[in-house]
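Chains as they are written, first to last, in our numbering: chain A, 1 to 350; chain B, 351 to 700.
Reviewing the structure listed below.
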């Protein structure tokens with residue numbers, strides 16, 4: 001079913017694929033790390049499976065520019081507005097976080113807001129760069145003009161799945177990394193179930209009248225609405241939709257990128273990405289110790305079931321990544337063969 | 351059941367009550383507006399009902415200081431860390447937004463992060479001040495050391511209901527104001543149902559094994575867990591919990607306020623509040639027009655039921671406030687009598 005591929009091998013393979021498409025080596029390495037992050041942490045819907053499905057077609061159709069540099073539109077010190085000029089979002093979102101972190105070190109807060117971006121992969125990968133600097137990083141990305149989920153009372157799709165991520169250091173433990181679509185699940189989870197011939201749980205999809213839909217194929221047929229976090233109105237659908245709009249505001253309205261409700265075509269071009277970094281240690285002492293204590297207390301909280309300890313978003317992903325860096329990354333057979341066909345030098349473990 | 355009280359009368363009454371407790375006139379007026387905002391917009395669980403239940407006891411027990419000024423701990427231009435010194439949170443959260451807005455006008459972004467705060471009322475009221483300046487305002491507030499909801503796999507309460515708000519102008523329409531607890535509902539909704547002898551819908555409370563609990567009294571008895579936005583694990587409980595932690599990080603860990611997991615006593619003292627404001631118009635032209643177009647398109651989206659138009663968070667509240675400013679604010683009889691007992695000059699409409 002799966003083969004174990006050494007992490008450095010997987011990384012080199014993907015880096016090589018991006019380099020072959022004209023992406024400069026340093027950028028290709030960052031983009032590959034961002035993409036392999038999905039497989040390394042277990043968020044496989046956002047991993048290497050998307051290389052041939054999502055990213056390579058962007059090169060083929062000229063929707064991404066391998067060598068484009070971001071063009072700064074305005075720079076007020078703590079804030080920078082830039083046009084990403086269709087550079088690979090897997091790289092430019094990280095570049096935005098690094099620049100925002102540098103500004104945060106000086107001003108306590110830094111924000112880099114991009115228009116003209118392309119798909120960034122796992123938002124949490126980029127946010128976690130700030131945590132590695134001992135800072136708090138937030139990433140909001142809309143889906144450009146793409147419309148996927150309707151408003152709770154609306155008939156037609158309006159917004160994308162609009163991911164939101166926040167990362168914070170947690171001492172010796174894996175960093176806190178919340179990395180979420182503002183819909184109940186991202187579309188990748190629904191389509192993976194459809195490919196596997198599985199049903200999805202009630203609460204992911206619904207008919208217009210609110211009846212739960214458990215056939216994942218209904219989503220692409222157009223007779224299953226993808227629900228916002230919160231599900232039904234009485235359990236918070238408007239909060240989830242509001243969070244989707246929060247991301248649309250921060251990520252796209254602030255920099256002037258495309259937005260779902262206003263786009264003439266439903267396609268994920270001209271994506272907006274906002275990277276916001278806070279540097280608490282520039283404002284006070286003790287932040288890193290307090291963060292370690294906070295997440296230590298969360299992880300140490302009394303569980304309902306002693307076999308299932310309490311954790312926080314990012315903990316499982318961090319532990320999984322640590323194991324896989326040493327022992328290899330499980331890659332489904334089909335994906336492995338696909339990668340081998342692009343990059344024949346690829347080898348599994350052992 | 352309810353009496354209509356002219357809005358200016360309600361405002362004057364509450365302002366008078368705060369002044370009588372030693373709050374300076376300008377601050378009392380802001381605090382009263384923040385409190386009456388709940389009644390004006392229909393978020394009545396956060397309105398004047400809390401005057402005698404929540405705010406006046408803070409004065410009586412010395413947990414709030416009527417005349418305290420915030421003490422700036424660090425100022426890096428775009429970011430300010432301050433100790434609110436137990437000033438009335440209904441006022442200090444707005445003061446934080448005003449200061450953050452002034453910094454955002456210069457740096458494109460501004461953040462004021464407070465420790466030592468007290469209960470801020472409706473987070474959306476404060477965030478909306480930034481929207482009134484044509485900016486985007488975010489408010490995150492934790493509940494100090496108070497523990498209300500457990501982690502999804504945890505036995506004991508760990509965090510508060512941790513409100514998050516974001517406001518953005520929407521042209522001639524009411525501003526977009528997302529104002530949400532990160533739990534499915536705030537505790538006020540559960541307790542209001544308990545007082546009214548009503549059941550709550552499945553999805554608000556659950557037993558430790560996940561069985562839905564519909565008796566709201568179970569919450570204060572300790573045998574009904576308040577769920578995070580997302581409800582069950584498979585529909586996103588860890589996203590809601592993650593958002594609760596996101597608020598704990600932004601609001602409390604950044605400024606060094608009390609946090610639920612680390613506090614020795616579960617009480618909402620030393621609350622952390624972070625006010626973050628973005629000034630897109632300092633970075634680019636066309637922001638206000640784009641915002642008006644975006645929310646116009648959302649409000650104009652095709653509804654499922656033509657009698658129930660699509661709206662966005664803040665729209666209903668804004669429309670309701672407009673009506674009530676003219677015609678009066680409905681106040682339940684019992685609350686009206688309570689207010690008359692404190693302030694005998696209070697009169698209803700007509």
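Yeah, the Cβ is synthetic: ideal placement off N, Cα and C, and Gly gets one too.
- Excluding residues up to 5 positions away in sequence, 199, 200 and 216 lie with their Cβ nearer than 8 angstroms to the Cβ of residue 193/A in the same chain.
- Taking a cut-off of 8 angstroms on C-beta distances, the segment 513-525 of chain B touches the segment 485-503 of chain B, as three or more cross pairs fall below it.
- Apart from the 5 residues on each side of it in sequence, residue 364/B sits with its Cβ closer than 7 angstroms to the Cβ of 382, 385, 386, 398 and 401 in its chain, given in chain order.
- In the three-state scheme derived from DSSP, where H, G and I count as helix and E and B as strand, residue 545/B is classed as helix.
- If the five residues before and after residue 10/A are omitted, its C-beta is found closer than 6 angstroms to the C-beta atoms of 36 and 329, all from its own chain and listed in chain order.
- For residue 658/B, the number of other beta carbons within 10 angstroms of its own is below 16, and it is reported as exposed.
- In the three-state reduction of the DSSP assignment, residue 508/B falls in the strand class.
- For residue 637/B, the CB contacts under 7 angstroms within the same chain, skipping 5 residues up- and downstream, are 630 and 631 in chain order.
- Only exposed fits residue 25/A, as fewer than 16 other CB atoms lie within 10 angstroms of its CB.
- Contacts with chain B (Cβ-Cβ distance below 9 angstroms) from the segment 131-158 of chain A involve 136, 138, 150, 151, 152, 153, 154, 155, 156 and 158, listed in chain order.
- Counting along the chain, the unbroken alpha helix (DSSP H) around residue 341/A starts and ends at 333-342.
- Distances from the alpha-carbon of residue 683/B to those of 698/B, 415/B, 694/B and 464/B put 698/B closest.
- Per DSSP, the unbroken beta strand (DSSP E) holding residue 83/A starts and ends at 79-83.
- For residue 209/A, the three-state secondary structure derived from DSSP is coil.
- Contacts with chain A at 8 angstroms (Cβ-Cβ) include residue 634/B.
- If you ignore the 5 residues before and after residue 7/A, its C-beta comes within less than 8 angstroms of the C-beta of 36, 40, 324, 325, 328 and 329, all in its own chain and listed in chain order.
- Inclusion of residue 622/B and residue 601/B in the CB contact set at 8 angstroms is warranted, their separation being smaller than that value.
- Annotation for residue 166/A: the continuous beta strand (DSSP E) segment containing it runs 164-168.
- Think of a sphere of 8 angstroms around the beta carbon of residue 551/B: the chain A residues whose beta carbon falls inside it are 234 and 235, in chain order.
- The criterion of a C-beta distance shorter than 8 angstroms is not satisfied by residue 561/B and residue 498/B.
- For residue 459/B, the closest Cβ of chain A is nearer than 8 angstroms.
- In summary, the residues of the segment 639-650 of chain B whose CB is separated from some CB of chain A by less than 9 angstroms are 640, 641, 643, 644, 645, 646, 647, 648 and 650, in the order they occur in the chain.
- Among the residues of chain B, none has a CB under 7 angstroms from the CB of residue 44/A; the nearest is roughly 17 angstroms distant.
- Contacts with chain A at 8 angstroms (Cβ-Cβ) do not include residue 444/B.
- Close CB contacts of residue 648/B within its chain, under the 7 angstroms cut and outside five residues either way in sequence, are with 660 and 662 (chain order).
- Counting only residues of its own chain and dropping the five nearest sequence neighbours on each side, residue 144/A has a CB closer than 6 angstroms to the CB of 258, 268, 269, 270 and 271.
- Legend: CB atoms of the segment 401-434 of chain B lying less than 7 angstroms from CB atoms of chain A belong to residues 423, 424, 426, 427, 428, 429 and 431.
- Taking C-beta separations shorter than 7 angstroms and ignoring five residues to either side along the sequence, the partners of residue 422/B in its chain run 430 and 432, following chain order.
- Leaving aside the five residues that flank residue 641/B on each side, the residues in its chain whose CB is nearer than 7 angstroms to its CB run, in chain order, 518, 519, 520 and 521.
- Proximity of chain A to residue 609/B at the Cβ level (cut-off 7 angstroms) is accounted for by 294, in chain order.
- Look at residue 554/B here: in three-state DSSP terms it is coil, with no helix or strand label.
- Residue state for residue 303/A is assigned as strand, using DSSP reduced to three classes.
- A contact between stretches requires three or more CB pairs, one per stretch, nearer than 8 angstroms, and the segment 575-592 of chain B meets this requirement with the segment 232-242 of chain A.
- Of 337/A, 341/A and 96/A, the smallest CA-CA separation from residue 4/A is found for 337/A.
- Nearest CB-CB separation between residue 475/B and chain A: not below the 8 angstroms threshold.
- Exclusion of the five residues before and after residue 108/A leaves 279, 282 and 283 as the residues of its chain whose Cβ lies within less than 6 angstroms of its Cβ.
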